[in-house]
Every structure is written in C-alpha cells, then in structure tokens.
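Here is the structure we will look at.
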Amino acid sequence: MSSGSTKASKFYRDLLNDTKKSEIELINIFTKKKDEKIGAGHFIYNWVLKDGTEVSFECVDIFQFSENGKIEELKIIYDTYGPRQKYERMTN
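Per full-length UniProt numbering, the sequence shown starts with residue 1, numbered consecutively.
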C-alpha cells in the first residue's frame with residue numbers, strides 16, 4: 001500500500017504483487033461541467049490480498065486528462081483504516 005505521490009509503474013507493480021484478485025463496482029461517474037479534462041469515479045473496490053484476505057472499501061479516483069484524452073494524473077482517495085489493518089497483518 002502506498003501513500004503520498006508514487007510513480008504509476010511502481011504503484012501498480014506493488015499492487016499486483018499484493019493482489020490475488022480485485023473487482024470494481026462502479027457507483028457514480030462525475031465530470032466537471034466547464035472542464036472536460038477532469039473527472040472522477042466513485043466505486044467499491046473488492047480486493048483479495050495474496051494471502052486470501054478479503055478487503056472491501058469505498059473510494060473515489062480523480063482523473064486529470066491530457067489534451068489527447070490520456071490520463072495525466074490520478075488521485076486515489078479512500079479511508080485506509082480497515083484496508084491498512086488487513087494489509088499490515090498480511091505483511092508482518
């Protein structure tokens with residue numbers, strides 16, 4: 001689990017190393033009315049850690065897109081309390 005700013009390649013490499021399975025349940029999609037380069041996804045993330053521990057949490061991902069429509073920046077916002085406890089049990 002990362003906190004703060006992390007390169008996407010490291011974040012996803014670490015995430016995949018800690019993951020047995022994951023699924024996303026989309027709840028909402030938000031866009032900024034006057035700025036089509038910013039949007040957000042609100043969802044439930046169902047995560048099975050590599051040791052089989054199940055973690056589920058609600059989160060929001062905020063996307064900033066480049067002029068050609070590619071993701072330029074991603075901010076992931078969620079309450080880490082429950083997921084962090086389960087993750088730390090797995091890694092200790």
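Backbone N, C-alpha and C fix where the C-beta goes; we use that ideal spot for every residue, glycine too.
Tell me which residues share the same chain as residue i and place their Cβ nearer than 8 Å to its Cβ, disregarding the 5 neighbours each side in the sequence.
i: M90; result: D18, L49, K50, D51, T53
i: I71; result: F63, Q64, F65
Kindly give me the distance between the Cβ atoms of residue i and residue j, rounded to whole angstroms, as I take these residues to be in contact under 8 Å.
i: I27; j: F43; result: 5 Å
Might you give, ordered along the chain, the residues of its own chain that have their beta carbon closer than 6 Å to the beta carbon of residue i, omitting 5 neighbours on each side?
i: E73; result: Q64
i: K21; result: V48
For residue i, which residues in the same chain have their Cβ closer than 7 Å to its Cβ, ignoring the five residues on either side in sequence?
i: C59; result: F43, Y45, I76, I77, Y78
Handout entry: Meets three-Cβ-pair contact criterion under 8 Å: the segment 33-41 and the segment 63-77
Key = The segment 33-41 is in contact with the segment 63-77.
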